[in-house]
Every structure is written in structure tokens, then in C-alpha cells.
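Read top to bottom, the protein sequences are chains A and B.
All residue numbers for the first sequence refer to our numbering, where the first residue is 10 and numbers rise by one.
All residue numbers for the second sequence refer to our numbering, where the first residue is 54 and numbers rise by one.
Glycine residues also receive a C-beta, built at the ideal position from the N, C-alpha and C atoms.
Worksheet: the structure to be examined is printed underneath.
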Amino acid sequence: MIANIVANYLVNKGKISVEQYSRLFDELTRVRAKLGLIAVHEGFMTEYQADSINLLQSTIDMRFGDLAVEKGLLTASQVQELLKHQGDPYLSLAQALENMGIMKLTDLDLMMKKYQAENELSSSNLEALKSDEIDRIVPLFLPPDADDYVDVMLLAVKTISRCVDGNIIPIKAYYTDRLEVQNGALQFADGNPCVTIAMCGDGNSLLKMASTYGREEFPCVNMDALDAIAELINCITGMYATALSANRIDMELYPPEFDDSVESIGGAEMLVLPLVVGSKSVNLCVCLGERLEFE
Amino acid sequence: MAKILIVDDSRTSRRMLRAVLEEIGYTEIEEAVNGEDGFIKYKEIKPDLVTMDITMPKLDGIEALELIKKYDADAKVVMISAAGQREKMFKAIKYGAAEFITKPYEKNEVEKIVKGLLD
């Protein structure tokens, strides 16, 4: 996630071109690999075993290494060994930029200082960003008074990252009671507190998300595509409800709703986390305590 | 060949489950788009197994399960849930659900449960 956030920033600042942005991610695949891939490479597990853990990750909110240990496919010490191979994410990005002849680490550090200032990040915030840990990064993009929203937002972003696109970019979240959108899907779950989770967009901005999750090439964001978005939300809401059930809070999930022709989503104050998915901007909207509706 | 009825209001979910079932060798598959439709189709085609989504409009999965089990006490109904629906699962057990599958579908889990009930 650090690579996407920083690379997107560098494009916006004119430091790298869109073409270089694309090539950067090819380069990054060479300088930093996923744990499953390294595990296969090191002979610790078969490709089938690694795929099965990846698949399992779409239903369980756990890291690859933790799941592999739980399933008896890796030992904790093997995971530690594999992690060392992955290298530091920020340095991997720096190495990729340097390999491509775009900038040196010192130049990148300067750009990061500008990013830090523009986004009002503390030093510890910047370290959190550089850690590339989604659990530490997502809260950086939420308002300071959004503690109640952290869990559900994090779960949603992690699920989208796992099941749709690992290269999503979060943008600063904000509160509003009405958001102009053209299409989307939402699900309400009754409980204490109740929650509405929605994904909304304009035009075809939700297309990549729908096609990837639905495993179907939709021609545009039509009702079938939104049905796929609704199913994705259903999984997120289900996992959120599962997490709450550990505290004996029972949620009643209502059927997801979706519409390909709306003017807005609203009805109560919601937290909107804009996400860049496949170069398109979409909105993850969450409301705790009230029901949101399309208007 | 066993006949399977998929009851789910989500087209995406029906497609995904159909693909998994076909991959593990079940090709006689019918679909219903809600609980009411599911009960009607159950009486028409007498499937060997029903997969029933819990959260649906009109007649939800629990209500449809209850109707099907009243009509045919031997019906094998596998409940499909997006997790986190503890109360509904308890109800489904009470009404005679044979098994549970959690979305999104994982081939090994579906295969184990469906084959376990049909073979």
C-alpha cells in the first residue's frame, strides 16, 4: 500500500509519469515478493497449498503467515525466515525507483517530508505509513475522532485489498450526511450499534471492483455488476458481524440493495473513505447507528 | 446424477456457487431467486439437495427452510451465510438444516459438505 500511496503522490507532483508509474509496479514485483510466493520458492509449501491459503484469506481476516502456521503448513520460525526475504517495503520502493533511474533514496526522503507536511502526519504516522502495514496505514486516513469506525473501515479495506485489488489507495476520509453518487450498493445490519456499509461510484468507476470480485467481465456498471458489489459488501458485513459476535453482539444482516441510477446516498451522517481502485475513484461509506439510503 | 437447487437472491452468488458445483462434478443445477421461488421450485423438481442463502428479501432462507422441511422432512438443505449470523444459524439448526457453508465459497469446503450429504 505504501508503494501505491507514494507512487500516486509522485505522479500528482509530476515527479514520475503515468507510464513510469505502471512500470514501477512491474519493478516492484521483482524487488519485493509475496510471502506465499517466497514460501513456494523456498520449497516450504506447494503452489496449491499457497493458493489455498490465499483463498482462505478471503474468508478469514488473518495474515498469510499466521494462517499458514495455523494450518500446519509453516512453522513460526519459517515465517520469520520468509519475512526477512521480503525486505523493508519502503526501501523496496526506493530500490525500485532507483533501479528505474527515477530518483535516489535521498530524493524520495525529501518527497516524503513534503507528503508528511501536506497531510499533517506526525513522525510516528510517517513510520506507520512506511511500515506498509494496512492496520497502521488505514487509520492515518480517518479523522481523529473516528475511533468507532476504525475496525469496520479496516476490515472493509483489507477485504477489498485481498479480494479485488492489492493496489488500492486510500484518500483522506471525511464526514458528510449526503454524498452525490450515480450508482452503488449498500447493506444495513441491525444490532447495537447498527451499521450501513456502502460502496458508491460515478459512471463506471466501480467496474474493476465488480468484474474482479464477480469474476465476470461486465460491459459497464449495470445491475449485474452492482449485484457483485453487493455480494462483496455482504462478505464485509458478515465478517464485521462475526467480529462483533466475539463480544456477544448479534447482528441481523438485511439483504443488500443496489441501484444503477441514483443521485446520492444519505439519510444520516456517514464517514466516507475515498479509495482509488484500478485508477478509478470509488467511495466506501460507513454509517454507525443509522440506516443509509440511496436517493 | 444428483439434482441441486441453488436458492439465492444474488445472481453473483448463484453464479459462483454453480461454478464450484460444476467443477466438483454436479451439473444438474436449478436456481431460485428467493425463498418463495425456492419453495415452489423444490416442489416442482424435488432436488436431492438445496443450498439456501439465509439473507433474502420476500421469504428469507430460514422461512423457506421451515416450509421445505414441513413439506418434506427428509429434505437436505444446506444453509449459506455471509458469516456472523449466529442467531439465524441457531434457528436453522432448529428447523433441520443439514449443514452450513460460509460465503465466499471455498471449493474444498463446498465439495466436502455436498459430497458428504449426497454420496
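Bridge partners - residue i, DSSP secondary structure assignment
{"i": "Gln196/A", "result": "Ile206/A"}
{"i": "Phe150/A", "result": "DSSP output for Phe150/A lists no bridge partner at all."}
{"i": "Ile57/B", "result": "Ile82/B and Leu102/B"}
{"i": "Asn292/A", "result": "Cys209/A and Pro283/A"}
{"i": "Pro179/A", "result": "Leu284/A"}
{"i": "Thr168/A", "result": "Its beta-bridge partners do not exist; DSSP assigns none."}
{"i": "Glu302/A", "result": "Gly275/A"}
{"i": "Ile154/B", "result": "Ile133/B"}
{"i": "Leu297/A", "result": "Val204/A"}
{"i": "Arg68/B", "result": "BP columns for Arg68/B are empty, so no partner."}
Buried versus exposed, by CB contacts within 10 Å (16 or more), residue i
{"i": "Ala126/B", "result": "exposed"}
{"i": "Ala255/A", "result": "exposed"}
{"i": "Ala239/A", "result": "buried"}
{"i": "Tyr99/A", "result": "buried"}
{"i": "Gln66/A", "result": "buried"}
{"i": "Ala72/B", "result": "exposed"}
{"i": "Tyr95/B", "result": "buried"}
{"i": "Pro152/A", "result": "exposed"}
{"i": "Gly114/B", "result": "buried"}
{"i": "Tyr124/B", "result": "exposed"}
{"i": "Ser132/A", "result": "exposed"}
{"i": "Glu140/B", "result": "exposed"}
{"i": "Gly306/A", "result": "Given that chain A is displayed from residue 10 to residue 304, the structure contains no residue 306/A and the question cannot be resolved."}
{"i": "Phe92/B", "result": "buried"}
Whole-angstrom distance between residue j and residue i, CA atom to CA atom
{"i": "Glu159/B", "j": "Thr115/A", "result": "46 angstroms"}
{"i": "Ser101/A", "j": "Gly175/A", "result": "16 angstroms"}
{"i": "Phe73/A", "j": "Ala48/A", "result": "11 angstroms"}
{"i": "Ala103/A", "j": "Asp233/A", "result": "41 angstroms"}
{"i": "Gly275/A", "j": "Glu304/A", "result": "7 angstroms"}
{"i": "Val130/B", "j": "Gly149/B", "result": "8 angstroms"}
{"i": "Met71/A", "j": "Ala77/A", "result": "10 angstroms"}
{"i": "Met10/A", "j": "Lys99/B", "result": "50 angstroms"}
{"i": "Lys93/A", "j": "Glu226/A", "result": "38 angstroms"}
{"i": "Ile258/A", "j": "Met120/A", "result": "45 angstroms"}
{"i": "Ala277/A", "j": "Met162/A", "result": "17 angstroms"}
{"i": "Glu36/A", "j": "Pro228/A", "result": "31 angstroms"}
{"i": "Glu40/B", "j": "Asp62/B", "result": "A question about residue 40/B goes unanswered here, because the residues of chain B that appear run from 54 up to 172."}
{"i": "Val166/A", "j": "Glu97/B", "result": "43 angstroms"}
{"i": "Glu84/B", "j": "Thr108/B", "result": "16 angstroms"}
{"i": "Ile166/B", "j": "Leu138/A", "result": "42 angstroms"}
{"i": "Glu136/A", "j": "Ala85/A", "result": "25 angstroms"}
{"i": "Ala126/A", "j": "Glu142/A", "result": "21 angstroms"}
| task | Would you list, in chain order, the members of the region 233–252 of chain A that have their beta-carbon closer than 8 angstroms to a beta-carbon of chain B? | result | Asp233, Asp236, Ala237, Ala239, Glu240, Asn243, Cys244, Thr246, Gly247, Met248, Tyr249, Ala250, Thr251 and Ala252
| query | For the region 72–116 of chain B, which segments carrying the alpha helix (DSSP H) assignment without a break, of at least 4 residues, lie completely within its bounds, in sequence order? | reply | 88–98
| field | Interface residues of the region 59–91 of chain A facing chain B [CB-CB below 9 angstroms] | value | Ser61, Leu64, Leu65, Ser67 and Thr68
| said: Using a Cβ-Cβ cutoff of 9 angstroms, what residues of the region 133–145 of chain B are near chain A? List them in chain order. | reply: Ser134, Ala135, Ala136, Gly137, Gln138, Arg139, Glu140 and Lys141
| Residues in the region 261–287 of chain A having any Cβ partner in chain B nearer than 8 angstroms | Glu261, Leu262, Tyr263, Pro264 and Pro265
| request: Can you give me, in chain order, the residues of the region 97–113 of chain B that have a beta carbon less than 7 angstroms from any beta carbon in chain A? | output: Thr108, Met109 and Pro110
| Interfacial residues, the region 118–135 of chain A to chain B, with Cβ spacing under 8 angstroms | none
| task | Could you tell me which uninterrupted alpha helix (DSSP H) segments, each at least 4 residues in length, are contained entirely in the region 213–275 of chain A, listed from first to last along the chain? | result | 216–223 and 232–254
| request: Name, going along the chain, the residues of the region 195–211 of chain A whose beta-carbon falls closer than 7 angstroms to a beta-carbon of chain B. | output: none
| said: Report the start-end ranges of each alpha helix (DSSP H) in the region 27–114 of chain A that is 4 residues or longer and not cut off at the edges. | reply: 27–40, 44–50, 56–65, 73–79, 85–95 and 98–108
| field | Contact residues within the region 56–79 of chain B, judged by C-beta distance below 9 angstroms to chain A | value | Asp62, Ser63, Arg64, Thr65, Ser66, Arg68, Met69 and Ala72
| request: Would you mind listing the alpha helix (DSSP H) stretches within the region 121–145 of chain A that are 4+ residues and don't spill past its ends, in chain order? | output: 132–140
| field | Within 8 angstroms of chain A by C-beta, residues of the region 146–159 of chain B in sequence order | value | Thr155, Lys156, Pro157 and Glu159
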